[in-house]
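As numbered in our numbering, residues 184 to 577 make up the sequence shown, in order. Note that the Cβ used here is the ideal one computed from N, Cα and C, for glycine as well.
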Amino acid sequence: MTTNAASQSALAHLAFCQQHESEMLALLRKMVEIESPSDDKAAVDRMGAFLAEEFERLGGLVTFYPQEAAGNHLKAEFAGSASGGASDRADAKPVLLLGHFDTVWPMGTLAKMPFQIKDGRAFGPGVYDMKAGIAMMIFALRALKEASAAHRPVTILLDTDEEVGSTTGRPIVEATAKDCEAVLVLEPSQGPQGHLKTSRKGVGDITIRVRGRASHSGVDFEKGRSAIVELARQLLEVVKFTDLARGITVNPGVIQGGTRSNVVAAEAWAEIDLRIARAADAVELEKKFAALKPFDPDCVIELSGGINRPPMERTEGTVRLFGMAREVAATIGWRLEESSTGGGSDGNFTSALGVPTLDGLGALGEGAHAANESVVIGELPQRTALLTALIQSV
Ligand SMILES: [Zn+2]
């Protein structure tokens, strides 16, 4: 289907989603009330089982990717539809709806931060990041079915360790995405206007560990080699790698070392967050770290880590997807904008593979990872209608 035709059906999708707003909210409530912190496998797997049932009810073929420590990742595949004479679409490459169902909130958070509705918003742990996005996927599939719309096959992939770096989710996300036509990421939208995200910075984490030599600061001061002083000098070097004009930032976010004030510190370390806007900058930045030499030759520097999420760059494919989204949004009287963000998502991986990726298609709200986490209920129908029409357009 062309974007034009999809735009016309956007109004029908909007009506469907508006009629089902309270049902969507009830589903969202159920999901929020199944707590799913990344580090609690049993809890995350309960959420996975719940979702599998929802997807199967919609006719999806569900596959779990069993994990030892993390929750089992989940894929659901839905057949394409050739109705409306567009027979080519049913067998075409699928469109991937991507997200995660782990949250940053530890078990028991719900008791202090229950699901509640206030001033047109729904509150609760993980409601915005990103259980609302999953509810939107489910209702977009229902809206497609309701409209008997022609569309490609749809694959939903939800991983369970996104909030802790997607260590086990990444290979599955990449293997699934590489066979897809496009990736629509249902992470929260950006800012109070709910912009879509067309670029994200790449993310890295490097630990610098310095080993010096301990001594009594009064008796044997000269024999000591302070790891703290050495680390401090190294940090003053690495912060020079920040280049705001190129979108490169280096942030020593955690520092620790030493034992007592009257001991020359034998050990100190710092954890440093790295952000890059362009993939090409990763190698150079990592090289700069690798080239660090101790100021004091009696100290030893050890580095670990590196860039672990490549940037999601604003590629031609992403711009094309955003253009479609914008056109669809306009037909329901909504002027859609795009933004870039310093935060990473699984969209970084799919975009780096060269698969057109559009992110931030999830809910409008605020407070991701914060106590005021909430979504604007009244925005859910139009955002779901947009997603539905976009699935048709791709
Ligand atoms: Zn998220």
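- Item | Boundaries (first-last residue) of the beta strand (DSSP E) holding Pro-220 | Here residue 220 refers to the residue found at position 37 of the sequence shown. Careful: Pro-220 lies outside any beta strand (DSSP E) and carries neither H nor E.
- Task: Would you give the residue range spanned by the alpha helix (DSSP H) that Val-466 belongs to?
- Result: On the sequence shown, residue 466 is found 283 positions in, with the first residue counted as 1. First-last of the alpha helix (DSSP H) with Val-466: 464-473.
- Find the nearest neighbour of Phe-199 within the set Val-577, Ile-574, Ser-576, Leu-563, judged by alpha-carbon distance. Locating residue 199 in the sequence shown gives position 16, where the first residue counts as 1. Closest by alpha carbon: Leu-563.
- Message: Is it buried or exposed, Phe-532, if we count other Cβ atoms within 10 angstroms and call 16 or more buried?
- Response: Within the sequence shown, numbered from 1, the residue matching residue 532 stands at position 349. Burial call: buried.
- Selected residue, minimal CA-CA separation from Arg-518, among Gly-525, Gln-191, Phe-505, Gly-526: For this step, residue 518 is matched to residue 335 along the sequence shown. Comparing Cα-Cα distances from Arg-518 to each of Gly-525, Gln-191, Phe-505, Gly-526, the minimum goes to Phe-505.
- With a CB to CB cut of under 7 Å and the five nearest residues on each side skipped, what residues in its chain are close to Thr-359? The count along the sequence shown starts at 1 and reaches residue 359 at position 176. Cβ neighbours of Thr-359 beyond the five flanking positions: Lys-258, Leu-279, Thr-338, Leu-340.
- Would you mind sorting Thr-343 into buried or exposed? The rule is 16 or more other CB atoms within 10 Å of its CB. Your numbering for residue 343 matches position 160 in the sequence shown. The residue in question, Thr-343, is buried, as its Cβ has 16 or more Cβ neighbours within 10 Å.
- Message: Along the chain, where does the beta strand (DSSP E) containing Ile-300 start, and where does it finish?
- Response: Against the sequence shown, residue 300 aligns to sequence position 117. 299-301 is the extent of the beta strand (DSSP E) around Ile-300.
- Query: Hey, out of Pro-336, Gly-527, Arg-353, whose CA is closest to Glu-263's CA?
  - Reply: Looking up residue 263 in the sequence shown gives position 80. In the sequence as presented, Glu is not what sits at residue 263; that position holds Gly. Nearest option by C-alpha distance: Pro-336.
- Query: Should Asp-312 be listed as close to ligand 1, given that the test is whether its C-beta is under 7 Å from any heavy atom?
  - Reply: Stepping through the sequence shown from its first residue, residue 312 is reached at position 129. Asp-312: yes, Cβ under 7 Å from ligand 1.
- Message: Below 7 Å, is the gap between the Cβ of Glu-218 and the nearest heavy atom of ligand 1?
- Response: As a working mapping, residue 218 is identified with position 35 in the sequence shown. Outside the cutoff, so no.
- Task: Return yes when at least one heavy atom of ligand 1 lies under 7 Å from the C-beta of Glu-345, else no.
- Result: In the sequence shown, residue 345 corresponds to position 162, counting from 1. Yes - ligand 1 has a heavy atom lying nearer than 7 Å to the Cβ of Glu-345.
- Message: What would DSSP say about Glu-496, mapped onto helix, strand or coil?
- Response: Counting from one through the sequence shown, the residue named residue 496 turns up at place 313. DSSP places Glu-496 in coil when its eight states are reduced to three.
- Message: Threshold first: 3 residues or longer. Then list the beta strand (DSSP E) segments lying entirely within the region 385-448, N to C.
- Response: 385-394, 432-440
- Message: Once the 5 residues before and after Val-483 are set aside, which same chain residues still bring their CB inside 6 Å of it?
- Response: Along the sequence shown, read from residue 1 onward, the residue named residue 483 stands at position 300. So the qualifying residues of the chain are Arg-394.
- Helix, strand or coil: how does DSSP classify Asn-491 here? Sequence index remark: in the sequence shown, residue 491 carries index 308 (1-based). Strand.
- Should the region 398-410 be called in touch with the region 498-512, which here means at least 3 C-beta pairs below 8 Å? no
- Query: Alpha carbon to alpha carbon, what distance is there between Glu-218 and Leu-544?
  - Reply: As a first step, residue 544 is located in the sequence shown; it is residue number 361 there, counting from the start. As a first step, residue 218 is located in the sequence shown; it is residue number 35 there, counting from the start. Cα to Cα, the separation comes out at about 23 Å.
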